[in-house]
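Throughout the sequence shown, residue numbering follows the numbering used here, covering 971 to 1433 in sequence.
The beta-carbon is built from N, C-alpha and C at its ideal position, and this holds for glycine as well.
All of these numbers come straight from a predicted model, not from anything done at the bench.
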Amino acid sequence: MRGLGRQYHWKDINERIYKKFKNTTPIAGFYTFTTRAAFVMDLDVVKDIMIKQFQSFTDRGLFHNERDDPLTANLLFLDGERWRVLRHKVSPVFTTGKMKFMFPTVVQVGERLEPACLKFINSEDGSGIVEAKDLCARYTTDVIGYCAFGIECCSLKDPQQLFYIMSKRALLENNLGSLGVAFRGSFPKLARRLHMKDTVADVENFFLGTVRETVRYREENSIQRSDFMNLLLELKNNRVIKNETGDEFVNLTFNEIAAQAFLFLVAGSETSSNTMVFALYELALHQEVQDRARAEVQTVFEACNGEMVYETMSQMKYLKQVIDETLRLHTPLPVLNRHALEDYPVPGHPKYVIRKDMPVIIPAICLHRDEQYYPYPDVFNPDNFTPEQVALRDPVLYLPFGDGPRNCIGLRFAKMQMMVGLSLLLSKFKFTICERTPVPMKYDKENFMLTPEKDLYLKVSRI
């Protein structure tokens, strides 16, 4: 792992292991400090871990400290029965019906992208140069501010909004430093005994206070809104809501509400905004793809008399391919983490056993960029996701949201906010590269997720 965070991104380390051992062994291994980890390359083993033998790999094994760091007690980090119970409680919030419920709120925020872009076009120098990372981050932060915290953030109008500033700090800052992060990742139980916590104190206080005030105001004034917070409050107040299989769930605590809202922010904001940035970057480089996507969006909008409703998204098939291809090429989380709860002998390979308590790495981005599965894997090509091409591939070869019972619970919401944001931008504006656009683009080596290394500037012009 020498050079990680300085010379290399975590993605680069994984690609090196994958290329060295693929076709020679179903799994490889490496050490983090003194902890052995299994690196899985065989597709059948991937399916076993994520789906068929899920009961042996239900945990992610990521650090959380519910007592000292309450915002880490969320679905991403929790393990065992705590995760299982909370997943069942929260799953009704993410049904298709609930997405329709929140859709108008997302569109309301998305419509603010137009005046935000016009500010760059009508600036004093008239250059129309926009920093795409900031624009997309403000959009997704505003969406999640509305839907998860029940507040009107408006950073698309004013980037100095406190909620936006604190959201950026939540994503960029932690208490531990790089060595502390590596330590608690390798020794999570010991880190909890030492009362280690990730979240910076004033960031924690801000978001706990924001949720507490939102809950108080809504309950005292009987406020009902079409958002995620409203649905969580229904669970808190013993109102029964159902998931898609008809199961009924009740009773969320305040800390559970706050932790899930915080997860919505840190997981849903940066991953979605970065995907939108990468999509705009690729569309700026591939004008023929941008023109085709825009033509589709405009045709759909015209058929709906300019009104965007939930059902219009299903008609934007090519734009969906653009997003899917962006997620393949620039996978937000390069790897998926699991933790073995018992020994797992690798089927057909008696020499290989994933031992109990061993961390497991599934290198999603390596599968996504393997020429055996995707021709010309480093080339942006939305035709990789035509219905015909998708039908030819094993579903486990596309893992931006994971798979199986522990997949990303918010994938429908993530897709919805990306579709809304990109369709509204493409319907009004054209994006091209400029002198300040980094070509080729590099990833930030200090960030575990894939994010551009530097500000990503594009030229925006009115259609």
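query = Just how far apart, CA to CA, sit Ala-1229 and Pro-1040?
reply = Rounded to whole angstroms, Ala-1229 to Pro-1040 spans 7 Å at the Cα level.
query = With which residues is Ile-1324 paired in a DSSP beta bridge?
reply = Ile-1324 is bridged to Tyr-1314.
inquiry  = For the pair the segment 1376-1383 and the segment 1060-1072, tell me if three or more CB-CB distances fall below 8 Å.
reply    = Cβ pair count under 8 Å is three or more, so yes.
inquiry  = Tell me the rounded alpha-carbon separation between Gly-1147 and Cys-1274.
reply    = Answer to the nearest angstrom: the Cα atoms are 51 Å apart.
request  = Determine the DSSP secondary structure at Phe-1009, reduced to helix, strand or coil.
outcome  = In the structure shown, Phe-1009 sits in a strand (DSSP, three-state: E or B).
task = State the CB to CB distance for the pair Pro-1074 and Ser-1242, rounded to an integer number of angstroms; the pair is presumed to be in contact (CB under 8 Å).
result = That pair is no contact at about 18 Å.
task = Compare the beta carbon distance of Val-1390 and Ala-1008 with 8 Å and say whether it is the shorter of the two.
result = Not a contact, by the Cβ cut-off of 8 Å.
Selection from Thr-1245, Val-1279, Tyr-1368 that minimises the alpha carbon distance to Leu-1105 = The residue from Thr-1245, Val-1279, Tyr-1368 with its alpha-carbon nearest to that of Leu-1105 is Thr-1245.
ask   = Whose C-beta lies closer than 8 Å to the C-beta of Leu-1141 among residues of the same chain, with five residues either side of it excluded?
value = Val-1236, Ser-1239, Glu-1240.
message = If I measure Cβ to Cβ from Arg-1154 and keep anything under 7 Å in the same chain, skipping five residues before and after, which residues do I get?
response = Cβ neighbours of Arg-1154 beyond the five flanking positions: Phe-1033, Leu-1146, Ala-1161, Met-1166.
message = Pop quiz: Phe-1133 and Val-1185 are said to be a contact at Cβ under 8 Å. What is the actual Cβ separation, rounded to whole angstroms?
response = Rounded, the Cβ-Cβ distance is 16 Å, inconsistent with contact.
key: Euclidean distance between Cα positions of Asn-1044 and Pro-1345   = Taking the straight line joining both Cα atoms gives about 38 Å.
ask   = Is it the case that the Cβ atoms of Glu-1413 and Thr-1421 are separated by a distance below 8 Å?
value = Note that residue 1413 is Tyr in the sequence shown, not Glu. Cβ atoms of Tyr-1413 and Thr-1421: closer than 8 Å.
query = So what's Pro-1074 in DSSP terms, helix, strand or just coil?
reply = In this structure, Pro-1074 counts as helix in the three-state DSSP scheme.
query = Residues bridged to Lys-1400 by DSSP?
reply = Paired residues: Ser-1431.
key: Span of the beta strand (DSSP E) around Gly-1031   = Judged by DSSP secondary structure, Gly-1031 falls outside any beta strand (DSSP E); it is assigned neither H nor E.
task = Specify whether the segment 1316-1330 and the segment 1276-1290 touch according to this definition: at least 3 beta carbon pairs, one from each stretch, less than 8 Å apart.
result = At 8 Å Cβ cutoff, the stretches do not touch.
key: Given Thr-1110 as reference, the closest of Thr-1180, Val-1079, Arg-1139 once Cα atoms are compared   = The shortest CA-to-CA distance from Thr-1110 to any of Thr-1180, Val-1079, Arg-1139 is the one to Val-1079.
ask   = For Tyr-1251, is the classification buried or exposed, using 16 other Cβ atoms within 10 angstroms of its Cβ as the cut-off for buried?
value = By the 16-neighbour rule on beta-carbons within 10 angstroms, Tyr-1251 is buried.
query = Does DSSP put Val-1309 in a helix, in a strand, or in coil?
reply = For the sequence presented, residue 1309 should be read as His rather than Val. Strand, per DSSP.
Beta carbon of Ile-1099 nearer than 8 Å to that of Cys-1404 = The Cβ atoms of Ile-1099 and Cys-1404 sit closer than 8 Å to each other.
query = So what's Asp-1039 in DSSP terms, helix, strand or just coil?
reply = Of the three classes helix, strand and coil, the one that applies to Asp-1039 here is strand, per DSSP.
query = For Arg-1264 versus Ser-1431, is the C-beta spacing smaller than 8 Å?
reply = Result no, Cβ atoms of Arg-1264 and Ser-1431 do not sit closer than 8 Å.
inquiry  = Tell me which residue opens and which closes the beta strand (DSSP E) that Val-1292 is part of.
reply    = Note, Val-1292: premise wrong, no beta strand (DSSP E); alpha helix (DSSP H) at 1287-1299.
query = Going by the CB atoms, is the gap between Leu-1299 and Phe-1350 shorter than 8 Å?
reply = Their beta carbons are under 8 Å apart, which means Phe-1350 touches Leu-1299 by this criterion.
request  = Look up Tyr-1001 in the DSSP assignment and give the residues it is bridged to.
outcome  = Tyr-1001 is bridged to Arg-1006.
inquiry  = Buried or exposed, going by whether 16 or more other CB atoms sit within 10 Å of the CB of Gln-977?
reply    = The residue is exposed, with fewer than 16 neighbouring Cβ atoms inside 10 Å.
query = How would you label Asn-1307, buried or exposed, when you count the other beta carbons within 10 angstroms and need 16 or more for buried?
reply = Label assigned to Asn-1307: buried.
request  = Verify whether the separation of the beta carbon atoms of Leu-1311 and Asp-1012 is less than 8 Å.
outcome  = Contact annotation: Leu-1311 and Asp-1012 have beta-carbon atoms that are not nearer than 8 Å.
ask   = Within 10 angstroms of its Cβ, does Arg-1339 collect 16 or more other Cβ (buried), or is it exposed?
value = Sixteen is the threshold: when 16 or more other Cβ atoms of the shown chains lie within 10 Å of the Cβ of Arg-1339, as they do, the residue is buried.
ask   = Do you know offhand how far Glu-1226's Cα is from Met-1419's?
value = Take the alpha-carbon of Glu-1226 and the one of Met-1419: they are about 25 Å apart.
ask   = What residue range is occupied by the uninterrupted alpha helix (DSSP H) comprising Glu-1101?
value = For Glu-1101, no alpha helix (DSSP H) run applies; the uninterrupted beta strand (DSSP E) run containing it begins and ends at 1099-1101, by DSSP.
task = Taking Leu-1297 as the reference, give the member of Val-1247, Lys-1159, Ser-1097 with the closest Cα.
result = Nearest C-alpha to Leu-1297 among Val-1247, Lys-1159, Ser-1097: Val-1247.
request  = Compare the beta carbon distance of Ala-1254 and Thr-1402 with 8 Å and say whether it is the shorter of the two.
outcome  = Yes, Cβ-Cβ distance for Ala-1254 and Thr-1402 is below 8 Å.
query = Could you check where the beta strand (DSSP E) with Val-1236 kicks off and where it finishes?
reply = Val-1236 -> not in any beta strand (DSSP E); alpha helix (DSSP H) instead, spanning 1224-1255.
task = Measuring alpha carbon to alpha carbon, tell me which of Glu-1295, Tyr-1343, Val-1316, Phe-1371 ends up nearest Thr-1356.
result = Ranking the options by Cα distance to Thr-1356, first place goes to Glu-1295.
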